Structures are given as C-alpha cells and as structure tokens.
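Numbering (my numbering), first residue to last: 537 to 930.
Each residue gets a CB set at the ideal place from its N, CA and C atoms; glycine is no exception.
Predicted model only: the values in this text are computed from it and were never measured.
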Ligand code: AMP
C-alpha cells in the first residue's frame, strides 16, 4: 500500500479507529471510501492481574507493535486521523468533535453517566494522543439521538431534577443505527428522506430505534445503556419501583442493584448464559429457563416494534442488525410471526439463507420491507472522522 516515496498514496490513506474500554482496546485501520479493512485487532486484559499490558499507554504501544509485525508502520502508513468511539456524549456533544485537552476533560466529566464506558475511552484517547501525532476525533454513540423530539427524550420526573443532573433519554448504539438506516435506501432503492424505518440492533447489547427521513425520533436505550430491550446480561426495562423494593426487601446497596441489573440479568439472569448461540443450544436441549429467556426477549422486541409502528404511523423498512439480528433467523421469525395484518412478513427461504451481505428477507411487494444489514460502526466512525476534518474521502 505504499507509493514511490514510501508513503501510502493519499487516496488509500486509512483512518485508525479505536474503541477503548476499561480493559480492552479494539483497533481497526479502515479506508473510509472503500471500507477496506487494512488491519484490525484487540489488545485485551489491560490492567488485569498477571497481564503484560499495564495500562492504556502500554496497550497503544502493543497495538503499534502488532501493526508493525504485519508490515504496517503507522508513521508511514499515511494514517490521516484517529477516530475514537465514545459511548456517552451527554448533553455536550451532538456531533463528532476534534479532540483537544478541553474535550478530554468534558468526556471525563460525563463519566457518571457512563461509568462502565467513558473512563476507558478517556484512557484510550490520552494514550493515543500521546503516541500518534495526527488529528484525533471523538465520535459519540449518543449523537444520532441528540435531536430526539422532547416528548421522546424527556422522562416524566421533576424538571429541575432532570436539568440539574442532566437526566434525559440519550440513547446509545447511535453510530450503528445511523450507519444501518443510511445503508437501507441503497438496498431498497428509495430516498432516505421518504423512508420511515425501525432498526433493531441485537448484539450483546441491544437497542431499537425509530427513524423518520433519516432523523431518529425514538430509541429504546435511555439515560444509560440499561433501558429497553432484553440484552445478554442487562435487564432492559423493569419497573423503576424494583430498585427501592430490592433495597428495602433484599437489603441490596445501590451498587449491588446496579450490578444485578447490568451484569447478572437479561438472558444470563433467566437462562445462565448470555451468548445467544449458547442459549439456542440450551433451548434445543429442552431447557425451560432458556425457553423462557427466548420468550421474554422476543416479547420485549414485539413491544418496541408495536410502539414504534405507532410513533411512526407508517413503516416502510424494518431492519435487523448486529450479532443476533444479522445471524439468527429464529429470532427474526419469532419477532415477526403473526404480524401479516400489519403488512409485515418474512420470505422463509430469504430469512434462513446464510449471508454476510445486506439483503431483503420479506417477500417481493410487501407493504413493509424487512431487511438484514450488517452493521459497521468502525467504518461509520472513520467516515465521520474524515468528514469532520474535511478531508476528501478516498
Ligand atoms: P455483537 O454484540 O453484535 O457482537 O453480538 C453478539 C451476539 O451475537 C451473541 O449473543 C452471539 O451469540 C450472537 N451471534 C454472533 N454471531 C452469531 C451467529 N453466527 N449465529 C447466531 N448468533 C450469533
């Protein structure tokens, strides 16, 4: 990929996309125009006992070493920018932003809203800025939902409390919902502006969104990524009265309740496993807990599907994405069974065909097109990074 001067030709210059968590650093070198992935990897067990990777500084060093081992010297690979995934942009960030010291401080200040996510992102950003002398851009998972209508974004709690503590529905997975909802027009051959869409992002974390003309008008995650759909280890919606009840009756502390709902609930809480493939194996073996977990998962999805049909008034395209949504035909079937009266149905052969491509899985001529679109958050981050820096995409 190098030209005569030993540098990458500008047209093929990749963006380095980093997704730093508290104990892992995922990286991908991606060419924004073509989507070509030049290299990718994950540095794991950052800061854990017995790990060689003491902190995020060491993790960035290891990433550089791994790339060098593949013949990719970051300094000469023509990397034009680094795009960082940041989960929570709070009320401050509704668009990608070039990272300065002040921006790092702001992202750190948002940590109470995403204690499991933002501190790792800050550590990754600081380590990468110290070692990679190119522009760094933060792309926020909440940004796609910053323009939600107030009626959808507002919790019915005292307004002064909400204002003081920055409480609203922020929504997450926005980078994925944006990427998928903007890939749909090309798939169905209709302009974004005239499409009413529902996107179901079903991975280990899961969320739904309603998108009208390219603008998000509702989403299932809230102040934090705990609200909404049933997830691998997260409960999604529960009665808010559960928290004081558990505190008073079970004697659990706030942190213990947080752990129960975020890490011990969802599919795992109901069946013992959080991975959908393991859940399917248990179901096939006749496990009652796994069957119940599947039923609760699907029922919650139907709730949100019905809600967003009503919010949108008319639905044109319903799209499944992420690990479960892209790969699990049984979930898609179970969610959509019985909805023919609403114009929603599946073509079984299309639904069950294994594919990694964006594809339509409803019958031709259906009132609602049902699609599967593989998400690509890294490519979306790379594109938004380049767009912000006003560098022409290769
Ligand atoms: P994600 O968070 O998008 O990586 O999705 C993770 C979830 O997707 C896990 O529950 C996996 O079991 C599920 N998943 C990933 N690949 C497959 C597959 N090929 N078939 C069924 N489920 C899958």
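Those residues that have a beta carbon less than 5 Å away from any non-hydrogen atom of the ligand AMP are, in order along the chain, 739, 740, 811, 812, 813, 858, 859, 860, 863 and 864. Shown here, residue 643 sits in a helix according to DSSP, grouped into three states. Under the 10 Å beta carbon count, residue 706 is surrounded by 16 or more other beta carbons and is classified as buried.
Residue pairing by DSSP puts residue 856 in a beta bridge opposite 736 and 908.
For residue 672, the enclosing beta strand (DSSP E) has its first and last residue at 672 to 676. Short of 8 Å from the beta carbon of residue 683, and not among the five residues preceding or following it, lie these beta carbons of its own chain, in chain order: 630, 751 and 752.
Within the stretch 753 to 812, the runs of alpha helix (DSSP H) that reach at least 4 residues and sit entirely inside it are, in chain order, 778 to 786, 790 to 799 and 802 to 807.
Taken atom to atom, the span from the alpha-carbon of residue 652 to that of residue 735 is near 25 Å.
Shortest Cα-Cα distance from residue 714 to any of 768, 699 and 748 involves 748. Its chain contains 615, 616, 617 and 618 as the residues whose beta carbon lies nearer than 7 Å to that of residue 670, once the 5 sequence neighbours on both sides are disregarded; these appear in chain order. Residue environment analysis places residue 624 among the buried positions, since at least 16 neighbouring C-beta atoms fall within 10 angstroms of its C-beta. In this structure, residue 716 sits near residue 911, with a CB-CB distance shorter than 8 Å. When the alpha-carbon of residue 626 is set against those of 723, 793, 702 and 821, the nearest one is in 702. Residue 564 is bridged by DSSP to 553 and 576. In this chain, the alpha helix (DSSP H) harbouring residue 835 covers 824 to 848. Residues of the same chain with a CB within less than 6 Å of the CB of residue 925, apart from the 5 flanking positions on each side, are 617 and 671 in chain order. When only Cα atoms are considered, residue 720 and residue 733 end up about 9 Å apart. Between the alpha carbons of residue 574 and residue 918 lies a gap of roughly 13 Å. In terms of Cα proximity to residue 900, the closest of 885, 593 and 802 is 885. The secondary-structure analysis by DSSP pairs residue 619 across a beta bridge with 553 and 673. Ranked by Cα distance from residue 907, the options 875, 854, 863 and 825 are led by 854.
Residue 816 sits in a helix when the DSSP states are folded into three classes.
Counting C-beta atoms within 10 angstroms of its own C-beta, residue 678 has 16 or more neighbours from the protein chains shown and is therefore classed as buried. Shown here, residue 751 sits in a strand according to DSSP, grouped into three states.
For residue 723, the uninterrupted alpha helix (DSSP H) segment begins and ends at 710 to 724. Look at residue 866 here: in three-state DSSP terms it is helix. Within its own chain, the residues whose Cβ lies closer than 8 Å to the Cβ of residue 815, once the five positions on either side in sequence are excluded, are 803, 807, 809, 826, 829 and 830, listed in chain order.
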